[in-house]
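Numbering (my numbering), first residue to last: 188 to 310.
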């Protein structure tokens with residue numbers, strides 16, 4: 188039996204890929220990984236709403252893991268640069284960024300950095 192495929196008609200439309208919009212959480216995680224020169228990964232990321240009389244936003248607690256000698260060196264730079272880093276997240280202002288905990292092992296080289304970042308909505 189021979190069937191010509193071009194003679195078959197289908198009413199189904201081809202699926203379009205859905206664009207996934209990145210939120211503040213995802214943009215912050217990407218910015219932290221970039222600050223870590225791509226050599227660290229986000230192990231945990233917790234977010235808690237925060238507000239004052241004049242500002243609203245969220246406090247993010249992020250645990251970054253650096254898993255070899257080269258990554259640990261990048262992690263040490265991450266620790267040094269995080270507090271003064273100028274984040275570029277549209278519509279958001281980083282009010283505070285601090286390293287709150289560091290767990291560092293020499294053999295094998297491994298470092299876990301916990302940081303807290305206060306992100307406020309601009310405007």
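Using N, Cα and C, we set each Cβ at its ideal position, and we do this for glycine too.
Quiz item: Buried or exposed: which applies to residue 289, given that a residue is buried once 16 or more other Cβ atoms fall within 10 Å of its Cβ?
Solution: Indexing the chain shown from 1 puts residue 289 at position 102. With fewer than 16 other Cβ atoms within 10 Å, it is exposed.
Quiz item: According to the neighbour-count rule (16 or more other Cβ atoms, all chains shown, within 10 Å of its Cβ), is residue 160 buried or exposed?
Solution: In the structure as shown, the chain starts at 188 and stops at 310, and residue 160 therefore has no counterpart that could be examined.
Practice problem: Go through its chain and collect everything with a Cβ distance to residue 238's Cβ below 8 Å, but skip five positions before and after it. | Solution: Residue 238 sits at position 51 when you count from the first residue of the chain shown. So the list reads 244, once near-sequence residues are dropped.
Quiz prompt | residue 305 - partner residues in DSSP beta bridges | solution = Here residue 305 refers to the residue found at position 118 of the chain shown. According to DSSP, which records beta bridges pairwise, residue 305 is partnered with 246, 283.
Practice problem: Count the other C-beta atoms from every protein chain shown that fall within 10 angstroms of the C-beta of residue 189, then say buried if there are 16 or more, exposed otherwise. | Solution: Translated into positions along the chain shown, residue 189 becomes position 2. With a pLDDT of 48 at residue 189, under the threshold of 50, the modelled position of that residue is not reliable, and the figure given next carries that caveat. Exposed, since its Cβ has fewer than 16 Cβ neighbours within 10 Å.
Quiz item: Taking the beta strand (DSSP E) that residue 235 falls in, what are its first and last residues?
Solution: Here residue 235 corresponds to residue number 48 of the chain shown, with the count starting at 1. Where residue 235 is concerned, the enclosing beta strand (DSSP E) stretches over 228 to 238.
Self-check item: Beta-carbon separation (whole angstroms), residue 256 vs residue 226, contact threshold 8 Å
Solution: The residue you call residue 256 lines up with position 69 of the chain shown. The residue you call residue 226 lines up with position 39 of the chain shown. Going by Cβ atoms, the distance from residue 256 to residue 226 rounds to 10 Å, so no, they are not a contact pair.
Quiz item: Is DSSP giving residue 194 helix, strand or coil here?
Solution: In the chain shown, counting from the first residue as 1, residue 194 sits at position 7. Only weak support is given to the placement of residue 194: the predicted model assigns it a pLDDT of 48, under 50, and the value that follows is read from those uncertain coordinates. Correct three-state label for residue 194: helix.
Exercise. Compute the distance between the beta-carbons of residue 284 and residue 270, then report whether it is under 7 Å.
Key: Here residue 284 is taken as the residue at index 97 of the chain shown, counted from 1. Here residue 270 is taken as the residue at index 83 of the chain shown, counted from 1. Closer than 7 Å, so yes.
Self-check item: Sequence-distant residues of its chain with Cβ nearer than 6 Å to residue 224 (five each side left out)
Solution: In the chain shown, the residue the question calls residue 224 occupies position 37. Cβ neighbours of residue 224 beyond the five flanking positions: 261.
Self-check item: Separation of residue 231 from residue 246, as counted between CA atoms
Solution: Numbered from 1 along the chain shown, position 59 holds the residue referred to as residue 246. Numbered from 1 along the chain shown, position 44 holds the residue referred to as residue 231. When rounded, the distance between both Cα atoms is 14 Å.
Quiz prompt | residue 307 versus residue 293 - alpha carbon distance | solution = Reading the chain shown from its first residue, position 120 is the one you call residue 307. Reading the chain shown from its first residue, position 106 is the one you call residue 293. Cα-Cα distance, rounded: 37 Å.
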